[in-house]
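In UniProt numbering, the protein residues as written are 1 to 419. Virtual Cβ for every residue (Gly too), placed ideally from N, Cα, C. Quick notes on the structure that follows.
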């Protein structure tokens, strides 16, 4: 591009060790590590640089270069001016922030596609936070490679993205490989890509992804930057993150607009929308730039997000209870009623058991069918138990497990008595 504009430039790659004495170049392009090595070796001197432009400036790897350009104007460019390392805020290296248009403005000006957002509630209590402030790969793999989460992912795809070109982001390679096998066994055209693929394999996979209308590509973070495929219809975040930058990067892969594409689908399986807000909502970047610590402190806690979950029975399961006019039960509302009349907290679970028993009776002609329907309600039961534990402010995992097991046992006993 620089050459096209008539700007004499030099790409400083591994083969370039020094600069010619009669330096004819007005611009240099380099990777951070290569340039840092050359400048540290002192074989390359850049004493007359007037402007340094840093792309993806939120990455802290660039700060090692600043000591070589103390008297130079430095311009950092990023879509998300929030440091990738919470211990190294951007305001320690940059004096001012110039904010561009908001995402909703770019959508209205038809520079970006509009988003259809679908959220599936996921319990993240088993996830651990690593040294970088984000969820660890190992704990994410344990959760997202699990059969239940893979089943939820497959259901979400069928419900919201069936037949669309889909890019799935995972936190770990193990999860991505399991996702690949799950979709492959279900008969879908899918590929897996991670940093262990050779350059040739990566090229072939991305070529296939580009030309296949209903392609599904599952990957880790390798495609969050430096990847541009405007024909993507759906982004699935099959992971949770506490990184606002990563949140925008993942979704951004699907936001490119084309002649035929005016919108795209976002499927969130990590409570990320609840944590950061909708992708197209305005963001006060100045406030975040000035006080990044405050931003992180004010992020909604996972437990607070999960307190707001409301169980919605999937359509396939609802069909099993088609004789019941109402299948929902609001633990929070019933608990408030119970408190108002000074009742015992356990009365709420008794009412819930009554309701579960009733809807099973309405749809099961015999005991075997009734017990089968009871097993299908396990996710609903777990959600009710979790809400109940929040109400009584006793939400340890072991206590919830005991409550759930006791509830299931009582439900089975009731059904055996009824039939």
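Residue 250 has its alpha-carbon roughly 22 Å from the corresponding atom of residue 259.
In this structure, residue 127 lies near residue 139, with their beta-carbon atoms less than 8 Å apart. Per DSSP, residue 118 is not a residue of any alpha helix (DSSP H); the beta strand (DSSP E) it occupies stretches across 114-119. Comparing C-alpha distances from residue 176 to each of 211, 238, 349 shows the shortest one belongs to 238. Sequence-distant partners of residue 119 (beyond 5 residues in either direction) whose C-beta falls short of 6 Å from its own C-beta, in its chain, are 268, 273.
In the DSSP annotation of this structure, the continuous segment of the alpha helix (DSSP H) that includes residue 356 starts and ends at 346-363. Three or more Cβ pairs closer than 8 Å define a contact, and the segment 141-149 falls short of that threshold against the segment 291-302.
Less than 8 Å separates the beta-carbon of residue 172 from that of residue 220. Listed in chain order, the beta strand (DSSP E) elements of length 3 or more contained wholly in the segment 193-226 are 216-219.
Given a length threshold of 4 residues, each whole run of the alpha helix (DSSP H) inside the UniProt domain "Helicase ATP-binding" (1-99) is given here in chain order: 32-41. When the alpha-carbon of residue 113 is set against those of 279, 34, 286, the nearest one is in 279.
Taking each of 244, 418, 135 in turn and checking the Cα distance to residue 281, the smallest one comes out for 244. If the five residues before and after residue 38 are omitted, its C-beta is found closer than 6 Å to the C-beta atoms of 44, all from its own chain and listed in chain order. For the pair residue 321 and residue 327, the CB atoms are nearer than the 8 Å cut-off. When 277, 263, 190 are compared, the shortest CA-CA separation from residue 106 is found for 263. CA-CA distance, residue 206 to residue 89, rounds to 35 Å. Under the DSSP assignment, residue 169 falls in the beta strand (DSSP E) whose first and last residues are 166-169. Residue 263 is bridged by DSSP to 114. Residue 153 has its alpha-carbon roughly 29 Å from the corresponding atom of residue 283. DSSP places residue 236 inside the beta strand (DSSP E), whose first and last residues are 234-237. Distances from the CA of residue 247 to each of 275, 131, 229 were compared; the closest alpha carbon is that of 275. DSSP places residue 315 inside the alpha helix (DSSP H), whose first and last residues are 315-320. Excluding five sequence positions before and after residue 11, the CB atoms of its chain that fall closer than 6 Å to its own CB belong to 29, given in chain order.
Annotated three-state conformation of residue 135 is strand, per DSSP. Counting the other CB atoms within 10 Å of its CB gives residue 348 a total of 16 or more, which places it among the buried residues. Between residue 231 and residue 161, the gap from beta carbon to beta carbon reaches 8 Å or more.
Per DSSP, the continuous alpha helix (DSSP H) segment holding residue 175 begins and ends at 173-185.
Separation of residue 289 and residue 61 (C-alpha to C-alpha, rounded to the nearest whole angstrom) is 18 Å. Taking a cut-off of 8 Å on C-beta distances, the segment 76-88 touches the segment 48-65, as three or more cross pairs fall below it.
Under the three-pair Cβ rule at 8 Å, the segment 377-390 counts as touching the segment 401-414. DSSP, reduced to helix, strand and coil, places residue 253 outside both helices and strands of the structure shown, so it counts as coil.
CA-CA distance, residue 310 to residue 156, rounds to 17 Å. Residue 268 is bridged by DSSP to 119, 237.
The alpha-carbon of residue 190 is positioned some 33 Å away from that of residue 131. When C-alpha distances from residue 218 are compared across 240, 165, 143, 228, the shortest belongs to 165. Assignment of residue 392 by DSSP, reduced to helix, strand and coil, places it in the coil class.
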